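Numbering (our numbering) for the sequence shown: 149 to 422.
Heads up: the structure comes next, in structure tokens.
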Amino acid sequence: MCLLALGWMHHPRWRLVMAGNRDEFHARPTAALAPWQDETSVIGGRDLRSGGGWAGVGASGRMAVVTNVRDPLAAQTGPSRGALVADFLRGRDPAAVHIDRLATVAGAYAPFNLLLADSDSLEYLGNHPAERQTLGPGVHGMSNGALDAPWPKTRRLMAALEAWLQKDGGGAAEAAAPGAGPLLHPPYYGPPPPDLTPLWNALADEHRPADSDLPDTGIGLERERWLSPAFIRGDDYGTRASTVLLIDADGHGEIHERRFGPQGAPSGQSHVIF
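Written out as structure tokens, the structure is:
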């Protein structure tokens, strides 16, 4: 992921709600959101170059999401950051135990922010700079800087999620987007599906803030401007996927993905109920 907002223990129905965008080179091979063939309890998109993931769910509603930290002077070597997601989702250790163990080896990885959640806690680990937190109820945001750094696009997505969480989370099912693929889920007889339209709209936001509000991450003003919207368009690099994840108190929920090609052209969507 490169941008996300996450609501934790902040809604009467959903224990966790996450909305985020993955920005990546369009040429990087990627598998669409689905249960993983080699570990069907893991559901998410998958990076086919390294075998890891950027966001997903595992058994009993375990959640993991990772972002890189933007620093052109930092070393970009080390193990795949996607493995940080995959290893937790495949495992069974509590989030707090797993992340404490990771903290001892986090320096070996290129800069990252990592969020892990289980039924009991939401845990954060960053390695640039080194930071470890157990997060409380509320809305948290993360992009390619520090946790809850007030980047304009992070603040806008957090505000949109906060507004959505203030509603009851119910409503009519959304219509399938043009060119959508099949819905990957069994028959569902629970409460009515939530109306995710406000979250999709927030993830598609192309607002560019004033130069004075932009962070300075060492990449120059023109690139800061280009990377400043929630949704990024480009021929070679841009937003590849938007994801919305909802998990209830029992560890059940749904995960949605909308995919995009060069210049933001829609390329499909998936939806899994677990």
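No residue lacks a Cβ here, since even glycine has one placed at the ideal position from N, Cα and C.
Since the structure is predicted, the reported quantities are computational estimates derived from the model, not experimental observations.
Item, Value
"Inter-residue spacing [alpha-carbon to alpha-carbon] between F408 and W348", "13 Å"
"8 Å contact criterion, which A211 and A265 should meet: CB distance rounded", "One point to set straight first is that residue 211 is Met, not Ala, in the sequence displayed. So it is a contact: roughly 4 Å between Cβ atoms."
"Cβ distance (whole Å) where D384 is taken to contact H174 below 8 Å", "6 Å"
"DSSP three-state assignment for I403, whether helix, strand or coil", "strand"
"Inter-residue spacing [alpha-carbon to alpha-carbon] between R194 and T178", "6 Å"
"With 16 other Cβ atoms within 10 Å as the buried cut-off, status of T391", "buried"
"Nearest-angstrom Cα separation, counted from V190 out to G255", "26 Å"
"Alpha carbon of D359 to alpha carbon of R373, nearest angstrom", "7 Å"
"V205 and I403 closer than 7 Å at C-beta", "yes"
"Under the three-state DSSP convention, the category R240 falls into", "coil"
"For A389: DSSP bridge partner residues", "R170 and R407"
"Run of the alpha helix (DSSP H) containing P346, from where it starts to where it stops", "T345 to L351"
"Contact check, A251 vs R280, beta carbons under 7 Å", "yes"
"H419, buried or exposed, once every other Cβ within 10 Å from all chains shown has been counted against 16", "buried"
"Integer-rounded CB distance, given that G209 should sit under 8 Å from S267", "7 Å"
"Given D219 as reference, the closest of I395, A389 and F260 once Cα atoms are compared", "F260"
"Separation of H355 from P363, as counted between CA atoms", "15 Å"
"Where G318 sits in the DSSP three-state scheme", "Note that G318 scores a pLDDT of 45, beneath 50, so its modelled location is shaky; the value from the coordinates is reported in the next line. Coil."
"Any non-hydrogen atom of the ligand FAD within 6 Å of G209 CB", "Questions concerning the ligand FAD fall outside what the structure shown contains, since it holds no ligand whatsoever."
"R229 - DSSP class collapsed to helix/strand/coil", "coil"
"R388 and G412 closer than 7 Å at C-beta", "no"
"Among C150, W156, L151 and M149, nearest to A397 - alpha-carbon criterion", "W156"
"Spatial distance of R161 from P342 (CA atoms)", "11 Å"
"Exposure label - E370; buried when at least 16 CB within 10 Å", "exposed"
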